[in-house]
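Take 1 as the starting number for the sequence shown in UniProt numbering and just add one per residue. Using N, Cα and C, we set each Cβ at its ideal position, and we do this for glycine too. In what follows, a structure is listed as structure tokens, so that the remarks can point back to it.
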Amino acid sequence: MTVAGRLSSSLGLIRSLIVYYGQPWRRFGLKRLYRSLVSPGQLVFDIGAHVGSRSRTLIEIGARVVAIEPQPLFADFIEKHLGKELEGFERVAVGASQGSGPADLQPPPNGYQRFVQLC
Numbered sequence: 001m002t003v004a005g006r007l008s009s010s011l012g013l014i015r016s017l018i019v020y021y022g023q024p025w026r027r028f029g030l031k032r033l034y035r036s037l038v039s040p041g042q043l044v045f046d047i048g049a050h051v052g053s054r055s056r057t058l059i060e061i062g063a064r065v066v067a068i069e070p071q072p073l074f075a076d077f078i079e080k081h082l083g084k085e086l087e088g089f090e091r092v093a094v095g096a097s098q099g100s101g102p103a104d105l106q107p108p109p110n111g112y113q114r115f116v117q118l119c
């Protein structure tokens with residue numbers, strides 16, 4: 001990666017940290033929302049964890065969190081700051097090939113667990 005590319009990535013990380021961690025009132029709202037959807041001890045997957053703000057909030061309300069983040073700079077940040085608190089962490093881009101496409105996610109067939117997409 002070029003110097004310009006590294007600088008751009010670093011600035012992107014700083015911007016994301018300001019947006020997602022620099023506004024504490026957002027986290028209060030997220031905690032209220034997530035508490036209505038997730039009980040303490042439940043396992044939650046944060047796919048595309050970015051800077052880990054959703055993972056951090058879910059951990060704070062007692063959820064067990066597995067985070068997945070494909071971008072190396074963001075994955076490094078999550079691993080350093082949340083690694084020990086996560087149930088699991090993966091640095092993977094999920095897909096059969098490079099590019100984008102639809103994903104069909106289904107709830108578990110046994111019905112004992114809710115399937116919730118957290119935005």
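Asked: Contact under 8 Å by Cβ, D46 with S39; Found: no
Asked: Rounded separation between V61 and G48 - CA only; Found: In the sequence as displayed, the identity of residue 61 is Ile instead of Val. Distance between the alpha carbons of I61 and G48 is about 20 Å.
Asked: Minimum C-alpha distance to S10 - residue among R64, G29, A75, S53; Found: A75
Asked: C-alpha distance - I78 paired with G88, whole-angstrom precision; Found: 11 Å
Asked: Outcome for I59 when other beta-carbon atoms lying within 10 angstroms are tallied against a minimum of 16; Found: buried
Asked: Own chain partners of L17 with C-beta closer than 7 Å, once the 5 adjacent residues on each side are dropped; Found: V51
Asked: Cα-Cα separation between R35 and G41, rounded to whole angstroms; Found: 12 Å
Asked: Cα-Cα separation between F28 and G5, rounded to whole angstroms; Found: 34 Å
Asked: Rounded separation between A67 and L86 - CA only; Found: 7 Å
Asked: Of the listed residues P72, Q71, A63, R15, nearest to L43 (C-alpha basis); Found: A63
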